[in-house]
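Colleague:
Number of protein chains: 2
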Amino acid sequence: MKSEDVLLRNILRGLAGHRDLVVGPGDDCAVVREGKQFVLLKTDCVVEDVHFLRRHEPARVGWKAICRPLSDIAAMGGIPKFALVTIFSPPDIDGTYWHAFYRGIRRAARKFQVTVAGGEISRQPHGIAISIALTGTMEGARPVLRSGGRPGDLLFVTGRLGGTLAGHHLDFEPRLAEGRWLSTYFRPHAMMDISDGLGSDLPRLARASGCGFEVDLASLPARKGHTIDAALTDGEDYELLLAVPARRAARLLKEWPFPRTDLTCIGKLTDSGKAPRGWPGGWDHFPVVRNPPLGQRAGVPSAKSRRTQIKGP
Amino acid sequence: MKSEDVLLRNILRGLAGHRDLVVGPGDDCAVVREGKQFVLLKTDCVVEDVHFLRRHEPARVGWKAICRPLSDIAAMGGIPKFALVTIFSPPDIDGTYWHAFYRGIRRAARKFQVTVAGGEISRQPHGIAISIALTGTMEGARPVLRSGGRPGDLLFVTGRLGGTLAGHHLDFEPRLAEGRWLSTYFRPHAMMDISDGLGSDLPRLARASGCGFEVDLASLPARKGHTIDAALTDGEDYELLLAVPARRAARLLKEWPFPRTDLTCIGKLTDSGKAPRGWPGGWDHFPVVRNPPLGQRAGVPSAKSRRTQIKGP
């Protein structure tokens, strides 16, 4: 995904702006102004043999296809509204597949109150692909960007990380309620969703905020039976990563109203802009061991005491 | 495209509506309410070996990819605003291709004043595909739907039809200015863009309006060197098809302010709901020959006198 990041950044550089374009390419969603409202715009896709396999139930593929961009709406603290679904269908797939696929879309649409406003089907010679574009609203709240983090902010993640290929990647629930509560009542300095793994995504948030970072690896909320390495690199977690001022961290943990969603403090933003050593290349290379654990967790036992930490870019 | 129409209609039936969803799937664009404004939403796609070939210049592919949904915005009489670009890139394609592709996007975006608000790239094992979602505004005008036609309305098409594979399908200009002028100053009863060929698209407009239709085939503005059959069935014309009250037809032709865009009267809507005989299956089977030509054309010599006509569903 890294090389795609760079390619997109290069390509999109030099595109004209617009007075109503508040946030362009590079954050979880684009933010545009419609009258006095902020509107969120997001597109994402799933591709056979990249994000799912032919043997996966089509309804779960539909669920995943729409929940991925929903997770980006969640990461801005927004409320999803309308969806446009574009289907690329190869000759060896028939209507039965797409009916089942839409059962997943419909289930997610009902659950997260999205309305499918339009759909398109095109033939494609090989392989299934789907892209979904979403609009969302902020209804008074301000969108939470990746770029607002400040040195000293504590970093939190929701839920558990890693081991997603066992099924979570097809069945996850985007953290819409959590993101919305955060944007409305708590206003984190920065937020994003973890889709490529904390190892890739945390540096993005730090870079967008012009910060470095430190993480207490022992505090990472790895999914049961999975390693810290998996929590860093597996990806497809669709959890929220947020940066909050240290002085409000205790209140956040105290007031967090989602008993079934863990909230774990995993580290902090720093003013170092240095390139990370061994991050996120792999577990073996994590070199920096530092002082007290930042790990705190709401709804689950507090972090263990392994003191491994790493400095980020 | 017919079977895809049916599949989509079946799939999308039963999806929940929304109080702000004014026009859902089935028209050129979805129309939603944002405060006091109408907002248009559209997604469309191009696929290698379906809509373009590997040997086509990527900048032209980019142009086509964004101009296709722009043509749908034009067909509602809207003003395009933001674009989201989703790219599916196979391993044998590198960044050079996408840079060139984006030159085409950028040229169209500048010319038609669209802002690229977001982009996404995903790997795909085989073949190139691109989907583009657009938002548009109506700024005071009301969107022109497919469904507003009434028996007796005269049917007009812009430009020339058929023979598009020679190059037009990669280089066409969406009729945004024309569509906007029509929605603002003239308010056709119904309008759509011709993307699958008049043979497929006119029955859609008629059906949506609960009408039948008659066409004076001799009046069809076939592209130079191409047959009426080509004009009916080639597709990828990206011209506008509109229905206007007969009493305003003369004024439309007189006031039409686009000297470089032909406007041709090709027939009328009728109250017959009968299934078409031989439409659009092929030239050989056109059976119905009827009276005086409806053909009138602005900006070009008036229609020839061949009196072939056909009744539609």
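Protein chains in written order, with the numbering used here: chain Y, 6 to 318; chain Z, 6 to 318.
Glycine included, C-beta positions come from ideal geometry on N, C-alpha and C.
1. I'd like to confirm the pairing. Which residues does DSSP put opposite Leu26/Z in its beta bridges?
2. Determine which residues of the stretch 94-121 of chain Z have a Cβ less than 7 Å from any Cβ of chain C, and write them out in chain order.
3. State yes or no: is the beta carbon of Leu89/Z nearer than 8 Å to at least one beta carbon in chain Y?
4. Go to Ile233/Y, then tell me how far its alpha helix (DSSP H) extends in each direction, as first and last residue.
5. Taking 8 Å as the threshold (beta carbon to beta carbon), is Asp201/Z in contact with chain Y?
6. Taking the beta carbon of Thr101/Y as the centre, do at least 16 other beta carbons fall within 10 Å, making it buried, or is it exposed?
7. Can you tell me whether Ser127/Z is buried or exposed, with buried defined as 16 or more other CB within 10 angstroms of its CB?
8. Please confirm if His131/Y has its CB atom under 8 Å from at least one CB of chain Z.
9. Buried or exposed: where does Gly230/Y fall if 16 or more other Cβ atoms within 10 Å of its Cβ makes it buried?
10. List, in order along the chain, the chain Y residues whose C-beta lies closer than 9 Å to that of Asp49/Z?
11. Please report the distance separating the alpha-carbon of Gly204/Y from that of Thr238/Y.
12. If you run the structure through DSSP and keep just helix, strand and coil, what is Ser195/Z?
13. Have a look at Lys86/Z and Ser224/Y and give me their C-alpha separation to the nearest angstrom.
14. Along the stretch 130-153 of chain Z, where does the CB come closer than 8 Å to a CB of chain Y? Name the residues.
15. Assuming Ala105/Z and Leu139/Z make a contact with CB atoms under 8 Å, what is their CB distance in whole Å?
16. Interface residues of chain Y around Val37/Z at Cβ under 9 Å?
17. For chain Z, is any of its Cβ atoms less than 8 Å away from the one on Ile16/Y?
18. Ala21/Z CB to nearest chain Y CB: under 8 Å?
19. State the CB to CB distance for the pair Ile110/Y and Ile71/Y, rounded to an integer number of angstroms; the pair is presumed to be in contact (CB under 8 Å).
20. The alpha helix (DSSP H) that contains Asp206/Z, what's its start and end?
21. Give the straight-line distance between the Cα atoms of Val294/Y and Thr169/Y, rounded to the nearest whole angstrom.
22. Of the residues Ala80/Z, Thr48/Z, Glu39/Z, Arg60/Z, which one's Cα is nearest the Cα of His23/Z?
23. I want to see whether chain Y comes within less than 8 Å of Leu13/Z, judged by CB atoms only; does it?
24. Helix, strand or coil for Phe117/Y? Go by DSSP, reduced to three states.
25. To the nearest whole angstrom, what separates the beta carbons of Gly82/Y and Val149/Y, a pair I think is in contact under 8 Å?
26. By the DSSP assignment, the alpha helix (DSSP H) with Glu260/Z in it spans what residues?
27. Does Ala3/Y pass the burial test, meaning 16 or more other C-beta atoms within 10 Å, or should it be called exposed?
28. Spell out whether any CB of chain Y is found under 8 Å from the CB atom of Leu166/Z.
29. Let's see if you can read the secondary structure: which residues bound the alpha helix (DSSP H) around Cys72/Z?
30. With a threshold of 16 other CB atoms inside 10 Å of the CB of Pro74/Y, please say whether the residue is buried or exposed.
31. Can you pull the chain Y residues whose beta carbon is under 7 Å from the beta carbon of Glu260/Z, in chain order?
32. Determine the chain Y residues that contact Pro9/Z at a beta-carbon separation under 7 Å, and present them in chain order.
33. Of all the options Arg60/Y, Lys41/Y, Asp25/Y, Asp242/Y, which has the alpha carbon lying nearest to the alpha carbon of Ser76/Y?
34. Can you grab the Cα-Cα spacing for the pair Glu219/Z / Leu258/Z, in whole Å?
35. Helix, strand or coil: which one does DSSP assign to Arg180/Z?
36. Mind checking who Gln42/Z pairs with in its DSSP beta bridge?
Modeller: In short, the structure shows the following:
1. In the DSSP output, where bridge partners are listed per residue, Leu26/Z has Val37/Z.
2. Judged by its chain identifiers, the structure shown contains no chain C, and its protein chains are Y and Z.
3. Interface residue, yes.
4. It spans 233-238 - the alpha helix (DSSP H) in which Ile233/Y sits, taken as one unbroken run.
5. No, Asp201/Z does not count as interfacial toward chain Y.
6. Thr101/Y counts as exposed, since fewer than 16 other C-beta atoms from the protein chains shown sit within 10 angstroms of its C-beta.
7. Ser127/Z should be labelled buried.
8. Yes, because at least one Cβ of chain Z sits closer than 8 Å to the Cβ of His131/Y.
9. Gly230/Y should be labelled exposed.
10. Under the 9 Å cutoff, chain Y gives Thr91, Glu125, Ser127.
11. Cα to Cα, the separation comes out at about 6 Å.
12. Note that residue 195/Z is Ala in the sequence shown here, rather than Ser. In this structure, Ala195/Z counts as strand in the three-state DSSP scheme.
13. Lys86/Z and Ser224/Y: Cα-Cα distance of roughly 45 Å.
14. Here the close residues are Pro130, His131, Gly132, Ala134, Ser136, Ala138, Thr140.
15. Under the criterion of beta carbons closer than 8 Å, Ala105/Z and Leu139/Z do not qualify as touching, at roughly 22 Å.
16. Per Cβ cutoff of 9 Å: Lys86, Phe87, Thr120, Ala122, Thr140.
17. Taking Cβ atoms only, chain Z reaches closer than 8 Å to Ile16/Y, which makes this a yes.
18. At least one chain Y Cβ lies under 8 Å of Ala21/Z.
19. The beta-carbon separation of Ile110/Y and Ile71/Y, rounded to 5 Å, stays under the 8 Å limit for a contact.
20. Annotation: the continuous alpha helix (DSSP H) that includes Asp206/Z extends over 203-213.
21. Annotation note: pLDDT 26 at Val294/Y (below 50); position unreliable, no value reported.
22. Selected option, being the one with the closest Cα: Glu39/Z.
23. By this cut-off, Leu13/Z is an interface position.
24. Phe117/Y carries a helical assignment under DSSP once its states are collapsed to helix, strand and coil.
25. Taking the Cβ atoms as the reference, Gly82/Y lies roughly 5 Å from Val149/Y, within the contact range of under 8 Å.
26. Note, Glu260/Z: alpha helix (DSSP H), 254-260.
27. Here chain Y comprises residues numbered 6 to 318, so residue 3/Y is not present and cannot be evaluated.
28. No, no contact with chain Y.
29. First-last of the alpha helix (DSSP H) with Cys72/Z: 63-81.
30. Buried.
31. The contacting residues do not exist; Glu260/Z stays about 32 Å from chain Y at best.
32. According to the sequence as given, residue 9/Z is Glu; it is not Pro. Residues of chain Y passing the Cβ test: Ile126.
33. The closest CA to that of Ser76/Y, considering only Arg60/Y, Lys41/Y, Asp25/Y, Asp242/Y, is found on Asp242/Y.
34. Distance from the CA of Glu219/Z to the CA of Leu258/Z, rounded to the nearest whole angstrom, comes to 20 Å.
35. Coil at Arg180/Z, not helix or strand.
36. Looking at the DSSP assignment, Gln42/Z forms a beta bridge with Glu39/Z.
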